[in-house]
Each structure stands twice: as C-alpha cells, then as structure tokens.
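Input: a single structure, listed below in structure tokens.
There are 2 protein chains.
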Amino acid sequence: MGSDSAPGPELAAAAQAYGRWGEPLTLTGPRRLLENRVDSSAFEVADAPEILEMTDKPAEAARQKPRSSMAVGMDLLKRGVADAFVTAGNTGGAMATALFKLGRIPGVKRPALGPVFPVRSGSTVVVDIGANVECKPEYLLQFAIMGSIYAELVLNRPNPRVGLLSTGEEEGKGNDLVRQTAPLLKAADLNFIGNLEPKDLYAGMADVVVTDGFTGNVFLKTSEAVAALLVDWLRTEIRASPISAAGGWLARPAFRRVSRLLDPSEYGAVPLLGVDGLVFIGHGRSTDRALVNAIRVAREAVSAGLLQALRQRLAVALAGVAG
Amino acid sequence: MGSDSAPGPELAAAAQAYGRWGEPLTLTGPRRLLENRVDSSAFEVADAPEILEMTDKPAEAARQKPRSSMAVGMDLLKRGVADAFVTAGNTGGAMATALFKLGRIPGVKRPALGPVFPVRSGSTVVVDIGANVECKPEYLLQFAIMGSIYAELVLNRPNPRVGLLSTGEEEGKGNDLVRQTAPLLKAADLNFIGNLEPKDLYAGMADVVVTDGFTGNVFLKTSEAVAALLVDWLRTEIRASPISAAGGWLARPAFRRVSRLLDPSEYGAVPLLGVDGLVFIGHGRSTDRALVNAIRVAREAVSAGLLQALRQRLAVALAGVAG
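Protein chains in written order, with our numbering: chain A, -16 to 306; chain B, -16 to 306.
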C-alpha cells in the first residue's frame, strides 16, 4: 500500500516478479483490495486493514496502527516468514515502523539510508541520505562499516573503497564532524581513501561515501534538481529552432540512454541499513518497473546473506572499536 | 597576480575594461611584469613584488607578505584610492588578507561568500558557499541580511525573497542549525519565505538562499559535478552512433547556449560580504572574459553604493536584533 498509486504498481510488480523468479511474493494490505485478481497466483496476501497516511506522525503511527501494511510486513520479517520487505511508502513511517518492530542490529547507534548512485564508472553507495540530520563521528563510522558490507556483498565490490564527503580532499578540510570522523575511519578495518568532494564521488573514486543525513540529503536533492534543470534547459533550447529540433530528434536514442542512467527506478529501492531485518524503501512515485528492480535488489541482498553479515561483522567491528 | 595564468588574463581584462568603460584600472603585482606593455595606457600599476603561493598558509601569508598583490590591493581599498578589488587568487588567501587589512563591517560576525547561481528563471544569491564551515544561527541571520542588500542593490530585486536551504519545505524540517535559524529569519526585517529544498532554489523561488558554508560548498560542488557528468554522458552517447552524432551537430547552438548558462565566467566573481571593503573573488581558472564580468559586477556594486548600504543597514538591523 506504499506507492502513490497503490496498489496498482505493487500488483503489477508482483506479477512481473513471479514471472521472472517463479516465487510468489507476499503482499501486505487490505485483503479486499488485493484478492480476487486474475493474477492472484503471483502472490499471497497478509491482511493489513489499516492505512498509514502521509499526515500520520511516523513515530506515533508505528505504535497506533499495528495492522498497517508496513507494520504487518515488518512482523513477517520479525517472525522469519519473510526474508526482506520492500515498500514505496513514506520513508519516515517505514523507518519508525522498522525501529519499533525490528529494532536495531546489536551495537548499531543509528540506522541509515544508503542508496546507490549512478556515477561515471558504475555506482556508489552514499550513506546517510536523510535518516539522521544530526550525526556524531561514531555514527558515521558505523555508516561506513554498514555501507562497506553492502557494497561488498550486494554490489560485489571486494575491499570497497570508502570516502568521506567533504569540501576538500586534503586532510583537515571540512567541518568539525568531518575532521573528527576521518581519524576513526582511518583507524577502522576499512579501505578508507580519505576525504572526497562531490566531483570525486561522481568520478567513481569510491564504492561507499559516508556523510551525515543532512548533507547527504542536500547532496541527493541537489543532484536531482540540477539534472532536471539541465534536461529542461536543453529541451527548451533544442526546440527553439527547427534545425536544432531536427538534431534533437536524430539524437533521441542518446538522450534516452542518458535519461535511463539518471532514472532512480533503475537502481531499486534504498536499503535501510542497521535495523534488524532487510528493509528497502522506494520512492512514492515508484512504477512497477522500479518496484521489480527493488525486489531484485532485495533478492540479491537475501542471497548474499546481507543481514547475517551485518550482524556478524558489526559485532566484530564494534568489539574492535570498544577495545 | 591571482589567476592560474597571471598576469595574462588580468592584462587582457584590464585592456577590455578600459575599452568598455574608459577608466583605467589599477593592477597590483610586480612592476617589472606589468609595465612597458603596448596597452599600458589601459591601467596603472601599484607595485607588489611579493607573490602569494598556493602553498602559503592564508592566515600567515596575510601578515608575512605585506607587499603581495592582494595585500597591496586591499591597502588601496583601505586608503580609499580604489573602490573595489577583484582577484582570481586563492580564496582562503583573499579572505585572510581582507580580514587582516580591511577588517569586518561593525557588528558582522563572519564575512561570507555569496555567489550568484543561474536558476530556471534568472539567478539567486547563495550565502555562504564556503567561508564558514561551522555556523551559528546568528551568522546565518547576518548572511541573510547581507545577501538581501546585495540582491536588492546589485541584482535590482526590490524586497528580495529569502529562503533557508533545508531538507524539506515544512517548518521544523532540517538539522538543528536550520531549526534554530528559521525563527530568527522570520523575526527579522526580511522577506523570509521559509525553508527551501535544492529544487525550489533552482526553480528560482528565492532571490537569496542562506546556508552554512559546509552545506553551501557541497551544494555548489555537487551542482558543478552533476552538470559536468551529464554533459559528458550526453557527449559520449551522442557520439556513439553516426546518426545521433549528426543530430548533435545540428543541435550545437542549443548545446552552446546551455553551456553558457552554466558557465561561471558569465556571472563575474564571488562577493566577500561583510568585510569593510568591496572584494570580489574569481576562480583561479578565470579567463579575461570572466575577469571583465567580475569587473562589471564590481562596478555595479560601487555605483549602487553597496558598501555604504551594508554599513548603514547592518547597523540598523543589528541594533534591532540586539534590542
């Protein structure tokens, strides 16, 4: 019941996922909305009669609506009936419900959002892009550890390079948080390559880039805004004369390939790292294709044993830090 | 002596500025490098035999090299011989020298960098984009006041709309700094329109957007990185087939117009707001055209009486805040 057009995209995604992997998903939502469909062999239903509204306060809703589709989904994870939960619902609601139902992996201070960004030569995980607007150095250290495990297991990057988002590459550049975090990353069992500026991130210099949730959110939203503005300006200028319009028409496939590089629905949903269960949160505007990609990424995380790896390696890493 | 290719671009810019406005500039730098030129009627020379190197520590160099081209230039401002100082030299060095030589306008806590960004419908001043990586709410209030005066006088925006960069438009969204700054902006004699996300900034919703220097710097550098990456991807994809390459060729004027929209050299240099003199800092890679635009903006600031307005209105605004 998450996406803005729910349950349409969710039902279509379930059917496509069944066609692709041959395993029925469990859909959580009001039974009457989900059952008696032509394609109902593609999924099972876990009844969730309550609806989380955009106006619900996330922290309260998690407690007050125990039978929302998010709460029921997280319960399935908790009970081990489901391996991963994918939602295109409200991010704050998903985080609050996950914390309430699943709790944190032992030792984790703050769960974080770690989406995969397209960069010049592949992709990069950026943690955190908005779960924690105020951070301490030790949170960023944990983001680095979790992002590293994610990059290694789900993106298949052995010994992932970890960078710290800053305003300059030189050691000592950045705000207090960056300056206090760098020594922790250096001392940890990580492949820390130092401070990175946004251009280094987009050049693909790191597999994982760590930042506080406020800066990460501004980074994400600035990236989206600039890409949209540029595409818009180009479209306007190309249409301004018949000759350039003809040129634009001939170059359409090139434009389409670039649009696809920028399309968030290609990259699946955003993992919520640090809660004790695999939760992936997609955009409210997720299409069925975006949801199928999210399901694919969730399946990859399950196959790679991401949750077990996070539990085990965090225990080791945090014991090391404590000692 | 500021730009990476100094004094070539500076000499060419001086000649062009003389042709355009009929007034000789004063160039500061080693006399032997600047004199006996064909176009030496276009400028006067204030001898500055010492050179600031990129490796000099800004704060120390300001004191230890009193005859650097920056120090000599700031002295001309201080003595009232010059009305504005334009440099393409090291930003940290320019800020340190300005603070040392000119000091701050009375009441100003932290001078700030406030460049003009191209947005969908015109342009927007963003303060601060890197002078102050750690900020307090009262600094941001001062950035808002200074940015507002700049937008009104230099960009000719009556009653400029002021926004606060954040991770959501709703009141209460953002980090502690944003949440503590919003009430100050609301209470001040400003046309405060609330929190803005990057997409609102690029939509042109505000004339002035306020942020701390760390976030502002990440915003600036992310914008530049995404624009460069997109242009690069488009070029690669367009060249990938002869047909789209032909299309790209036909649409060249459109691409050129968009490149021009993105070109920082169109927007002159960045004003250092809050020091007691008009200082404009350009990019190290500034061309003669960029420097001429910087000189144009500096001339506009002088004609508009920017420095006097900053002194007077800050005195009034800060008295109001203190009361």
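All residues carry an ideal CB built from backbone N, CA and C; glycine is no exception.
In this text the structure is predicted, and so the values were computed from the model without any measurement.
The beta carbon of residue 259 of chain B is closer than 7 Å to those of 85, 86, 87 and 88 in its chain, skipping five residues each way along the sequence. For residue 263 of chain B, DSSP records a beta bridge to B:69 and B:254.
Cα atoms of residue 199 of chain B and residue 100 of chain A: separation of roughly 21 Å, rounded to the nearest angstrom. With 16 or more other Cβ atoms inside 10 Å of its own Cβ, residue 204 of chain B counts as buried. The beta-carbon distance between residue 117 of chain B and residue 158 of chain A, rounded to whole angstroms, is 6 Å. This is short enough to meet the 8 Å contact definition. For chain B, the residues of the segment 242 to 259 of chain A that bring a beta carbon within less than 7 Å of one of its beta carbons are 244, in chain order. For residue 271 of chain B, the enclosing alpha helix (DSSP H) has its first and last residue at 271 to 286. Contact fails between the segment 122 to 135 of chain B and the segment 177 to 184 of chain B, because fewer than three Cβ pairs, one in each stretch, are under 8 Å apart.
The residues 144, 146, 176 and 179, in chain order, have a CB closer than 8 Å to that of residue 188 of chain A in the same chain once the five nearest residues on each side in sequence are set aside. Just so you know, the alpha carbons of residue 201 of chain B and residue 149 of chain A end up roughly 7 Å apart. For residue 116 of chain B, the nearest CB of chain A lies under 9 Å from its own CB, placing it at the interface with that chain. Cα atoms of residue 93 of chain B and residue 238 of chain B: separation of roughly 40 Å, rounded to the nearest angstrom. By the Cβ-count criterion, residue -12 of chain A is exposed, with fewer than 16 other Cβ atoms from all chains shown falling within 10 Å of its own Cβ. Residues of the segment 28 to 40 of chain A whose Cβ lies closer than 9 Å to any Cβ of chain B: none.
With respect to chain B, the C-beta atom of residue 1 of chain A has no partner C-beta closer than 9 Å. Straight across, the Cα-Cα distance linking residue 8 of chain A with residue 67 of chain A is about 10 Å. For the pair of segments examined, the segment -7 to 2 of chain B was found not to touch the segment 35 to 43 of chain A: the number of CB pairs separated by less than 8 Å stays below three. Spanning the alpha carbons of residue 25 of chain A and residue 3 of chain A requires a straight line of approximately 11 Å. Contact with chain B is found for residue 181 of chain A, since one of that chain's Cβ atoms lies less than 9 Å from the residue's Cβ. For residue 29 of chain A, the enclosing beta strand (DSSP E) starts and ends at 26 to 30. In this chain, the beta strand (DSSP E) harbouring residue 144 of chain B covers 144 to 148.
Taking CB atoms only, residue 150 of chain A has a neighbour in chain B less than 9 Å away. Contact check for residue 160 of chain A and residue 195 of chain A: beta-carbon distance about 6 Å, within the 8 Å limit, so the pair qualifies. By the neighbour-count criterion, in which 16 or more other beta carbons inside 10 Å mark a residue as buried, residue 125 of chain B falls on the buried side.
Inter-segment contact for the segment 241 to 258 of chain A and the segment 271 to 283 of chain A is present: three or more beta-carbon pairs are separated by less than 8 Å. In the three-state DSSP reduction, residue 91 of chain B falls in the coil class, being neither helix nor strand. Using a CB distance cut-off of 9 Å, residue 237 of chain B counts as an interface residue toward chain A. The way I'd put it, the segment 132 to 142 of chain B does touch the segment 274 to 293 of chain B; three or more beta-carbon pairs between them come closer than 8 Å. Non-local beta-carbon contacts of residue 222 of chain A in its own chain, meaning distances under 6 Å to residues more than five positions away in sequence, involve 228 in chain order. Here DSSP, grouped into helix, strand and coil, assigns residue 219 of chain B to helix. Taking 9 Å as the threshold, the shortest C-beta distance from residue 43 of chain A to chain B does not fall below it.
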